[in-house]
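**Q** Pasting a structure below so you can have a look.
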Amino acid sequence: MNTEPRADLMGLASTTAGGLRELLAFRLASEEYGIDILKVQEIRGYDAVTSIANAPAFIKGVINLRGIIVPIVDLRIKFGVGVPEYDQFTVVIVLNVGRRVVGIVVDSVSDVLTLTPDEVRPAPEFSSQIDTACMTGLGTIGDRMLILLDIERLMLSREMALTDEPIH
Amino acid sequence: MGFDMSQFYQVFFDEAAEHLESMESLLLQIDPAGAELEQLNAIFRAAHSIKGGAGTFGFTDMAELTHVAETLLDRLRRQELDIDADMIDALLQASDVLRSQLAGHQAGKPLESGDAKRLAARLQQLSTPPGAAVSVAPPEAVPVAVAPPALQMRRYRMRFAAPGEQVLIDNLIAELRALGTIAAQPPAATKGRGRKAARWEITVDTTADETELRNLLDFVLTPDALEFESLGPTPDADPAMSVAGIVDAMLDHDGYGFFEPLPEPEPDPGFGFFDDAPGMPVAVATADAITAEDPGFGFFDDAPGVPAAITTDPIAATAAVVAIAAAPHTANGADADKAKAAAGDSIRVSVEKVDQLINLVGELVITQSILVQASSHLDPALQEAVSHAMLQLERNSRDLQEAVMSIRMLPIAFVFSRYPRVVRDLANKLGKRVELRTVGDQTELDKGVIEKIADPLTHLVRNSLDHGLEKTEDRIAAGKPAVGTITLKAFHQGGNIVIEVLDDGRGLHRQKILDKARSRGLPVSDTMTDQEVFQLIFEPGFSTAEAVTDVSGRGVGMDVVRRNILQLGGRVDIDSRPGLGCTVSIRLPLTLAILDGMSVGVGKEMYIVPLMAVVESLQPRPEQIHTIAGSGMVLRLRDEFVPVLRLHEAMGLPPAERAFHEGIMVVVENDGMRAAMFVDELVGQHQVVIKNLESNYRRVRGISAATIMGDGRVAMILDVGALVRQVANMPMAA
Chain A
49 MNTEPRADLM
59 GLASTTAGGL
69 RELLAFRLAS
79 EEYGIDILKV
89 QEIRGYDAVT
99 SIANAPAFIK
109 GVINLRGIIV
119 PIVDLRIKFG
129 VGVPEYDQFT
139 VVIVLNVGRR
149 VVGIVVDSVS
159 DVLTLTPDEV
169 RPAPEFSSQI
179 DTACMTGLGT
189 IGDRMLILLD
199 IERLMLSREM
209 ALTDEPIH
Chain X
227 MGFDMSQFYQ
237 VFFDEAAEHL
247 ESMESLLLQI
257 DPAGAELEQL
267 NAIFRAAHSI
277 KGGAGTFGFT
287 DMAELTHVAE
297 TLLDRLRRQE
307 LDIDADMIDA
317 LLQASDVLRS
327 QLAGHQAGKP
337 LESGDAKRLA
347 ARLQQLSTPP
357 GAAVSVAPPE
367 AVPVAVAPPA
377 LQMRRYRMRF
387 AAPGEQVLID
397 NLIAELRALG
407 TIAAQPPAAT
417 KGRGRKAARW
427 EITVDTTADE
437 TELRNLLDFV
447 LTPDALEFES
457 LGPTPDADPA
467 MSVAGIVDAM
477 LDHDGYGFFE
487 PLPEPEPDPG
497 FGFFDDAPGM
507 PVAVATADAI
517 TAEDPGFGFF
527 DDAPGVPAAI
537 TTDPIAATAA
547 VVAIAAAPHT
557 ANGADADKAK
567 AAAGDSIRVS
577 VEKVDQLINL
587 VGELVITQSI
597 LVQASSHLDP
607 ALQEAVSHAM
617 LQLERNSRDL
627 QEAVMSIRML
637 PIAFVFSRYP
647 RVVRDLANKL
657 GKRVELRTVG
667 DQTELDKGVI
677 EKIADPLTHL
687 VRNSLDHGLE
697 KTEDRIAAGK
707 PAVGTITLKA
717 FHQGGNIVIE
727 VLDDGRGLHR
737 QKILDKARSR
747 GLPVSDTMTD
757 QEVFQLIFEP
767 GFSTAEAVTD
777 VSGRGVGMDV
787 VRRNILQLGG
797 RVDIDSRPGL
807 GCTVSIRLPL
817 TLAILDGMSV
827 GVGKEMYIVP
837 LMAVVESLQP
847 RPEQIHTIAG
857 SGMVLRLRDE
867 FVPVLRLHEA
877 MGLPPAERAF
887 HEGIMVVVEN
897 DGMRAAMFVD
907 ELVGQHQVVI
917 KNLESNYRRV
927 RGISAATIMG
937 DGRVAMILDV
947 GALVRQVANM
957 PMAA
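Protein sequence lines correspond, in order, to chains A and X.
With the first letter of the first sequence counted as 1, position 5 gets the number 53 in the numbering used here; the numbers rise by one all the way through.
With the first letter of the second sequence counted as 1, position 568 gets the number 794 in the numbering used here; the numbers rise by one all the way through.
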């Protein structure tokens, strides 16, 4: 592995002084994902979602977050993993992406962890529900494998249908 | 004049700005083909007032420039020159330069600009017809203070018809007396009869030059009503005596001594006005009073520096008011009144404070509606007192909210007023003839919106002018009026304000836009509706210029216009007819506005229908519902058939479980079109705070915004206009 793609990978997440990146890890069914912790505003429960007319199935609707109207995306539906169930344990990660506030529904939040550059591998080319451009690599810690997402790029992409003018 | 003038600077700044504004708007009204004398007089007065003030306060750069402008204006209103577009241009530029000079002084950094000098030279050249020399006097401003003391005394004689209003004469005499020694001969008249059309004769011994005197006279009199004669050096004048000295002497004197009877030219030798107190016109005494009080400011329009002179002196104040009323063009007067009102009845508050207030009130309204909901479950016996208080609270918070919201509302005239100039300048540059019309200037909208809408609107206006309107010869060839029309129109519609820019130009070219879109690789097809095609011009990099006229754009694209408007939570629509013109309508929410809404339940969801759109609600009888071609439904409403819109369907919810006659039909109207919305139930009537859905999500068809209900849940506010259009366009056999 040469250093070229690695530098590129690092540019997409917040890096600490030693080239480390801090991530929030969450689960969708059996898969584990990591997103840049600096994009996360808060984590809350799932409740009182108001549905929006003619929205794709993965957009559950909007919630009132202290006076702000925030759309909620169920990543389980979007990625086609797991069974979308909503109970008192369902978790919403509220993100700050490009001056927008968006919530994502996940099965659970596991932990906050730090990856060194050595622990990041480039994502292999394969076809999936996720645009590979939004996947920045795979993180490995022991037996765990994290799918690293550029969550901002993903949320603002055209396929998420969250914005009128997709930035990417 | 030894006291500190700077305390009056602000008054001058405000007044000069107003005069500049009225000068500009008057200049824009002038038709070069036939300027009305009254307009020219009004512009001249505005310029003169600025000059006077500028001189008084020592802003010589402004005084000099206004002086040359005034010279030109003077010749124009005497009809020694005919006004042309060039002159209007130069004068408009002068008002621009003056404005920046004013801003410079205001900021304490006088402007050093070659513009002023160049412009002064140009104005001077314009005001000098071939063969005539114009004497350029130094700004007269405060003659008492600036006139060199040892000037040659000269005698002038002027005869003129009385201008109708006695106060004008009084003021004039007061002014002349400030310049030198005068002898005034009122017109002969039979006692008890008006002196209209009679002639005054005044002789003045003064060091002031002819131009200065003429300026004074012109301020009051029409040039043709005046005979002016220079009689040469004053006999027996003491050349060493300063003008200031004369004035001092005059003030010490009882005043009447200066009114020496002249050799009587009129056939009424027995009329001894000035020797004889009973015969003395009251007016002259009035003039005296003014002069004695304040020699420099007896004339109202020269008073910008010392407003106290006007307001504290009842006589002078009356004089000012009457003089304004007497002047057929009341622009200055209106401005002055406005300024006075503004100074007395308003305070300046930072927008931040107002916004904070609005936010707090918004929160209060939400809390209030939470309270209403919470208290609805209370014990009825207890509820009586509570519900009474709740009603009171609701009324009060509604009033409070309305009052607070109105603070931020301004008429859109604040934006529209800048376009006459924009249109004029651009039309000149492009060689097109354009008339700008504005409709609905007084439509109010939020100050924040006003500020943000100005730039997109300017772009649209320029676009219409540049690309929409054809060249004059093309218009004539197409059988249209030679003068193109651009109309700016503002009106409220539902909870929105709609601003339209209409032109009667060539309209958009559908095929060209499609071709252009294809060449840019945008997904288009020939089956797209006109609306969809026209929306393409808002795509980034898709300049109207390239698409429609092959003239290159100016770098600011329509995409920026749309983005700005979307940011305000609004939307832009284009309608165009080839050869007939194009209409761009901007629909904006009245931001932060509170909406009176009716909440309706549909399945498990609740929606808000803007109350303004609701015509009536009813539970239909089964026989009122008719189907058309199987599935299209109409509701028979007395003599009218109204198409039925099933809100479940429109909102993508599971189909209604109830039969039509078990639910409620809410008849809504938008733009003259009606529809009956079928809902499950009516829940209530609320005032809701409009929350923008687009700030974190995107625009949703049929939804105009969202709001937060009393229980904290989000409810969607329906876009009745879109829904009604949708049902109107729906194929009946859907």
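Beta carbons are placed, not taken as given, at the ideal position from N, Cα and C, and that holds for glycine.
The structure presented is a predicted model; accordingly, all values stated were derived computationally and were not measured.
1) Could you tell me which of Ala295(X), Gln582(X), Val641(X), Asp300(X) sits nearest to Asp315(X), measuring between CA atoms?
2) Kindly indicate if chain A contains any beta-carbon less than 8 Å away from that of Arg792(X).
3) Applying the criterion that 16 or more other CB atoms from any shown protein chain within 10 Å of the CB defines a buried residue, is Leu210(A) buried or exposed?
4) Just checking my contact of Val835(X) with Val759(X) at CB under 8 Å: how many whole Å lie between their CB atoms?
5) For Glu207(A), which of helix, strand or coil comes out of DSSP?
6) Just the Cα atoms here: how many angstroms apart are Lys830(X) and Asp906(X)?
7) Do you know how far the Cα of Val727(X) is from the Cα of Lys742(X)?
8) State the DSSP-derived secondary structure class of Val97(A), mapped to helix, strand or coil.
9) To which residues of the same chain is Thr669(X) closer than 7 Å at the C-beta, ignoring the five residues directly before and after it?
10) Does Glu188(X) come out as helix, strand or coil in the three-state DSSP assignment?
11) Skipping 5 residues on each side, what residues in its chain have a beta carbon closer than 6 Å to that of Asp56(A)?
12) Could you give the DSSP three-state label for Gln911(X): helix, strand or coil?
13) State the beta-bridge partners of Gly858(X) as determined by DSSP.
14) Find the residues of chain B that neighbour Asn722(X), judging by a C-beta separation of less than 9 Å, and give them in chain order.
15) Note down, in chain order, all residues in the region 869–884 of chain X with a beta-carbon under 8 Å from any beta-carbon belonging to chain A.
16) Mapping DSSP to helix, strand and coil, what is Tyr833(X)?
17) Answer yes or no: does any C-beta atom of chain X fall closer than 8 Å to that of Leu60(A)?
18) Quick one: what's got a C-beta closer than 8 Å to Ala77(A)'s C-beta in the same chain, skipping five residues either side?
19) So is His887(X) buried or exposed if we call it buried at 16+ other beta carbons inside 10 Å?
20) If the criterion is Cβ atoms closer than 8 Å, does the pair Leu590(X) and Met635(X) meet it?
21) With DSSP as the reference, label Ala546(X) as helix, strand or coil.
22) Check this for me: beta carbons of Arg380(X) and Thr432(X), under 8 Å apart or not?
23) Run through chain X and tell me which residues come within less than 9 Å of Ala105(A), C-beta to C-beta.
24) Check whether the Cβ of Leu919(X) lies closer than 8 Å to any Cβ atom in chain A.
25) Please report the residue range of the beta strand (DSSP E) in which Pro682(X) lies.
26) What do you get for Gln265(X), buried or exposed, if any count of 16 or more other CB atoms within 10 angstroms of its CB means buried?
27) Closer than 8 Å, Cβ to any Cβ of chain X: which residues of the region 70–89 of chain A, in chain order?
28) By the criterion of Cβ-Cβ separation under 7 Å, what are the contact partners of Leu211(A) in chain X?
29) Determine the DSSP secondary structure at Gly115(A), reduced to helix, strand or coil.
30) Would you kindly report the start and end of the unbroken beta strand (DSSP E) that includes Thr711(X)?
31) Which residues in chain A have a C-beta closer than 7 Å to the C-beta of Arg939(X)? List them in chain order.
32) Leu186(A) lies in the beta strand (DSSP E); which residues open and close that run?
33) With a CB to CB cut of under 6 Å and the five nearest residues on each side skipped, what residues in its chain are close to Leu944(X)?
34) Alpha carbon to alpha carbon, how far is His245(X) from Glu207(A)? Give it in angstroms, no decimals.
35) In three-state terms, what does DSSP make of Asp179(A)?
36) Would you call the CB atoms of Arg383(X) and Thr354(X) closer than 8 Å?
**A** Taking the definition as stated:
1) Closest option to Asp315(X), judged by alpha-carbon separation, among Ala295(X), Gln582(X), Val641(X), Asp300(X): Ala295(X).
2) The question names Arg, but residue 792(X) is Leu in the sequence shown. It does: the Cβ of Leu792(X) has a partner Cβ on chain A nearer than 8 Å.
3) Label assigned to Leu210(A): buried.
4) Wrong, their Cβ atoms sit about 32 Å apart, outside the cutoff.
5) DSSP places Glu207(A) in helix when its eight states are reduced to three.
6) Their Cα atoms are separated by approximately 10 Å.
7) Answer to the nearest angstrom: the Cα atoms are 24 Å apart.
8) Here DSSP, grouped into helix, strand and coil, assigns Val97(A) to coil.
9) In the same chain as Thr669(X), and ignoring 5 residues on each side of it, the C-beta atoms closer than 7 Å to its own belong to Pro637, Ile638, Ala716, Phe717, His718, Ile723, in chain order.
10) This structure gives no information on residue 188(X), because the portion of chain X shown stretches from 227 to 960.
11) Low confidence applies here, because Asp56(A) scores a pLDDT of 41, under 50, leaving its location unreliable; read the following figure in that light. Cβ-Cβ distances below 6 Å link Asp56(A) to nothing in the same chain once the five nearest sequence neighbours on each side are left out.
12) In this structure, Gln911(X) counts as strand in the three-state DSSP scheme.
13) Answer is Ile854(X), bridged to Gly858(X).
14) Of the protein chains in the structure, A and X, none is chain B.
15) For the region 869–884 of chain X, the beta-carbon criterion of a distance under 8 Å to any beta-carbon of chain A is satisfied by Ala876, Met877, Gly878, Leu879.
16) Reduced to three states, the DSSP call for Tyr833(X) is strand.
17) Confidence is the limiting factor: at Leu60(A) the pLDDT is only 46, short of 50, which leaves the residue's position unreliable, though a coordinate-based value still follows. Against chain X, the CB of Leu60(A) has no partner CB under 8 Å away; the residue lies outside that interface.
18) Excluding positions up to five away in sequence, the list reads Arg124, Val129, Gly130, Val131, Asp155.
19) In this structure His887(X) is exposed. Its beta-carbon is surrounded by fewer than 16 other beta-carbon atoms within 10 angstroms.
20) The criterion of a C-beta distance shorter than 8 Å is not satisfied by Leu590(X) and Met635(X).
21) Unreliable placement is indicated for Ala546(X), whose pLDDT of 35 sits below 50; no coordinate value is reported for it.
22) Result yes, Cβ atoms of Arg380(X) and Thr432(X) sit closer than 8 Å.
23) Under the 9 Å cutoff, chain X gives no residues; its nearest Cβ is about 11 Å from Ala105(A).
24) By this cut-off, Leu919(X) is an interface position.
25) Unbroken run through Pro682(X) is the alpha helix (DSSP H), 673–689; no beta strand (DSSP E).
26) So Gln265(X) ends up on the buried side.
27) Taking 8 Å as the upper bound on Cβ-Cβ separation, chain X lies near no residue of the region 70–89 of chain A.
28) Reading the sequence as shown, one finds Thr at residue 211(A) and not Leu. What Thr211(A) touches in chain X: Arg924.
29) Residue state, collapsed to three classes: coil.
30) DSSP places Thr711(X) inside the beta strand (DSSP E), whose first and last residues are 710–719.
31) Going along chain A in sequence order, the residues near Arg939(X) (Cβ under 7 Å) are Ala96, Thr98, Asn112.
32) 183–189 is the span of the beta strand (DSSP E), which, as asked, contains Leu186(A).
33) Around Leu944(X), the same chain offers Tyr833, Val835 as residues with beta carbons nearer than 6 Å, after the five sequence neighbours per side are excluded.
34) Answer to the nearest angstrom: the Cα atoms are 57 Å apart.
35) Under the three-state reduction of DSSP, Asp179(A) is assigned to coil, being neither helix nor strand.
36) Not a contact, by the Cβ cut-off of 8 Å.
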